[in-house]
Each structure stands twice: as structure tokens, then as C-alpha cells.
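Residue numbers for the sequence shown follow the UniProt record's numbering, so the first one is 1 and each next one is one higher.
What follows is a set of notes on a single structure, which appears directly below.
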Amino acid sequence: QHITFYSDKQSGRTDNRTGYQQVTERIQQRQCDVLCCYRLNRLHRNLKNALKLMKLCQKYHVHILSVHDGYFDMDKSFDRLKLNIFMSLAELESDNIGEQVKNGLREKAKQSKLITTHAPFGYDYRNGTFIINNDEAPTVKAVFNYYLQGYGYKKIAQYLEDDNKFINRKPYQVRNIIMNPNYCGRVINQYGQYNNMVPPIVSATIYEHAQAIRIKKQLHCIPSENQLKQKIKCPYCGSTLTNMTIRKTNHSLRYYVCPKNMNASRFACDFKGINAENLEKQVLESGQKFFRDQQLYSKIKHAIEKQLKKQRMHDTSNTLTHEKLIEKLAQGTIDVGTFREQSQSINL
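Okay, structure coming up:
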């Protein structure tokens with residue numbers, strides 16, 4: 001007897017789990033007779049998804065065995081009813097646990113205690129609070145000082161990289177530092193705002209000044225004119241190109257650039273960028289040429305129709321073959337095992 005083990009680390013509230021998906025695939029391929037688990041809530045904590053699994057097991061005559069909850073014959077209506085009740089209780093238990101966790105976090109926040117152990121750059125977590133990391137804190141201060149002087153994220157990242165006194169930060173990490181209220185001793189979460197909960201690295205005045213600069217820059221942003229945004233790939237590394245606009249006194253220059261070079265302080269990809277206006281013009285001309293070229297259009301249309309016809313013939317052939325197999329099974333000329341094997345070979 002063949003036994004296969006599957007495991008998952010994700011929440012039982014979702015069916016988007018690797019091991020779970022493999023189990024359902026084996027069931028659909030008729031390679032499973034009994035589905036075993038320790039407890040039913042290990043399969044699902046969501047009743048809607050649990051019912052889908054029950055219907056799948058019932059369709060393919062797969063029974064469920066739980067070490068903790070017992071055996072369920074999916075061909076028996078009473079066992080299906082029991083399973084439904086167990087799954088409902090599993091969802092209720094999950095809801096109760098979630099509610100208790102939320103209440104605990106809310107009460108912890110009211111007592112001015114941290115509800116996370118994840119310390120941002122510049123801090124360490126110790127004994128229920130954040131303490132300043134003396135090796136990282138100077139870099140945080142430098143980021144705010146450079147930003148107040150008018151430098152952007154990328155330029156700040158370059159300055160940090162050039163100075164041995166500081167720790168390297170990428171442009172997006174510089175942005176995260178600027179936006180994080182923890183650095184002025186403030187904690188903001190879903191339960192409210194709490195001041196002086198952690199030791200500040202910069203003053204509240206410096207932090208607020210940085211936010212005012214950031215908001216002012218956002219207000220001056222102009223909506224993107226790039227028509228191919230998120231539609232083209234980098235010819236060197238395959239990343240989706242992003243847009244960059246260089247604004248001058250009387251005009252602006254638009255480019256499509258590799259995001260790897262935007263997210264690093266130096267060039268990380270050999271692709272330096274391409275003029276957006278020229279590329280968009282070429283793409284438009286190519287599209288117009290395609291629609292004007294009736295010969296090319298006809299070739300593509302013919303190829304599509306040919307493939308569709310081939311697929312329809314294949315589907316029709318499969319249907320007829322399935323009907324013959326069913327007829328042979330009914331007449332007793334083949335057994336159930338042969339029927340399953342030949343049905344699977346048809347579907348491949």
C-alpha cells in the first residue's frame with residue numbers, strides 16, 4: 001500500500017497551500033483512496049473551502065481519516081453530516097482564537113506596550129521594547145540630515161555608500177527610514193498613536209519637517225504620460241521597465257529604465273534606459289503597420305483558426321472515446337481499474 005505525506009505551514013483558512021494543492025491534484029487524478037490527517041482543522045478552518053473539499057472527496061470516492069476526529073465514509077450521508085459539523089466547529093474555533101488575539105493586542109497597546117517584536121533598522125528588540133542600536137543609529141540620523149538638505153533617496157544612498165562611517169542603504173530603504181515614525185519615538189498602529197513608547201533617534205521636529213518635504217514633493221508630481229508603463233521588459237535582465245522623467249526649465253525628458261538601477265545606489269543592470277517618446281512612436285507605427293498589412297493579418301488569422309479546429313477535433317475524439325469506454329464498462333468487457341487508466345491516458 002502506497003502512502004504519501006504532505007505538509008503545509010500556511011494558515012488553514014486558505015486553500016492556497018502547496019501541500020493542499022498537491023493533495024487535491026492526486027484526488028482528481030484518482031490516485032488517492034483515503035485522505036489522512038491528525039485533526040480536521042488541519043485540512044481547513046474555512047467552512048466554504050471545507051465544503052469544496054468534501055464535494056471533491058465525495059465525487060472521487062475518497063474517504064477521510066482523522067487521528068483525532070475519526071473516520072468519515074464520504075459515500076454515507078450521515079458521515080458527511082458529521083464532517084460538516086466538525087468543519088463548522090473548526091471555523092468557529094479559528095474565529096474565536098483570532099478575536100482573542102486581537103483583544104490581547106488591543107489591551108497591550110492600551111498599556112503602551114509594543115505589539116510587535118520586529119525592530120526597524122536603528123533599533124534592537126529586547127525585553128518587550130526597542131533599544132537604540134548604536135552602530136545603526138548614526139546612519140538613521142544622517143539620512144534625515146541629508147533629506148532636510150534637499151537630497152533625494154538615490155543621492156542619499158550614494159552618500160552613505162561613499163562614507164565608511166555609515167551603513168549602506170538602498171534608495172527604497174532610505175525612503176522607509178524617512179517615513180517611519182518610530183525614529184522620533186512615536187508608534188502608530190491599528191489601535192492608535194502612542195508617543196514616547198520607544199527611545200527617539202531624531203527629534204519630532206526633524207521628523208515632521210521631513211514629512212512636510214515629502215508631502216510637498218508629492219503635490220508637485222505630474223501624472224505619468226508613459227503609454228507603455230508596466231508593459232515592456234528589460235532586454236538585459238527581464239525586469240518590467242519603469243518610467244523616469246527628467247524635468248528641465250522649458251521641457252521634460254521621459255525614459256523607460258530598469259527598476260534594478262532605480263532601487264540601487266549604483267547601476268546594477270547594463271540597460272541604461274530608452275527614450276520613451278521614441279519607443280512609443282515606434283510601437284504605434286508597428287501596430288498601424290500590422291493592421292494595414294492584410295497578408296500578415298490573414299496568416300495569423302489562418303494559424304489561429306487551424307489551431308482551434310485541431311483542438312475541436314481532439315475534444316470530439318476524446319468525447320467519443322469516453323463514450324466507448326463507458327459502454328465497455330457497462331457491458332463488463334473492462335474492469336474499473338482499466339477504465340480509470342484509459343480515461344486518464346485520454347485526458348493527457
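The beta carbon of each residue, even a glycine, is placed where N, CA and C say it ideally should be.
Computed from a predicted structure; not experimentally measured.
R175 counts as buried, since no fewer than 16 other beta carbons sit within 10 angstroms of its beta carbon. When beta bridges are read from the DSSP output, L253 appears opposite I246. Taking all protein chains shown into account, Y146 has 16 or more neighbouring C-beta atoms within 10 Å of its C-beta and is therefore buried.
Excluding sequence positions up to five before and after E225, its CB lies within less than 7 Å of the CB of R254, all in the same chain and listed in chain order.
Assigned with DSSP and collapsed to three states, V283 falls in helix. By the C-beta density criterion, A90 is buried, having at least 16 other C-beta atoms within 10 angstroms. Distance between Y71 and T14, taken at the CA atoms: about 23 Å.
Only buried fits S66, as 16 or more other CB atoms lie within 10 angstroms of its CB. In this structure G152 is not in contact with V140, their Cβ atoms being roughly 17 Å apart against a cut-off of 8 Å. With respect to the 8 Å criterion, R39 and H68 are classified as neighbours on the basis of their beta carbons.
Note: V34 is bridge-paired with H63 in the DSSP secondary-structure output.
Taken through DSSP and simplified to helix, strand or coil, Q193 comes out as strand.
D124 carries a strand assignment under DSSP once its states are collapsed to helix, strand and coil. Just measuring C-alpha positions, the residue of P200, D162 and Q190 sitting nearest I177 is P200. S88 and H2 have their C-alpha atoms spaced approximately 31 Å apart. Note on geometry: alpha-carbon atoms of K306 and K299 lie some 11 Å from one another. By the neighbour-count criterion, in which a residue is buried when 16 or more other Cβ atoms sit within 10 angstroms of its Cβ, Y172 is exposed.
Following the DSSP letters along the chain, one finds Y183 in no alpha helix (DSSP H), marked with neither H nor E. Residue E107 holds the alpha-carbon nearest to the alpha-carbon of Q190 among E107, Q58 and K272.
Taking C-beta atoms as the reference points, C269 and N278 fail to come closer than 8 Å.
By the neighbour-count criterion, in which 16 or more other beta carbons inside 10 Å mark a residue as buried, C258 falls on the buried side. A Cβ-Cβ distance of about 7 Å is found for the pair Y60 and Q28, placing them in contact under the 8 Å criterion. The C-beta distance from L53 to L43 rounds to 7 Å, short enough to meet the 8 Å contact threshold.
Between Q294 and P235, the alpha-carbon positions lie close to 30 Å from each other.
Counting along the chain, the unbroken alpha helix (DSSP H) around F86 starts and ends at S77 to K110. Restricting attention to A137, K170, F166 and N164, the CA atom closest to the CA of K155 is found in K170.
Looking at L308, E25 and N84, the one whose alpha-carbon comes closest to that of K48 is N84.
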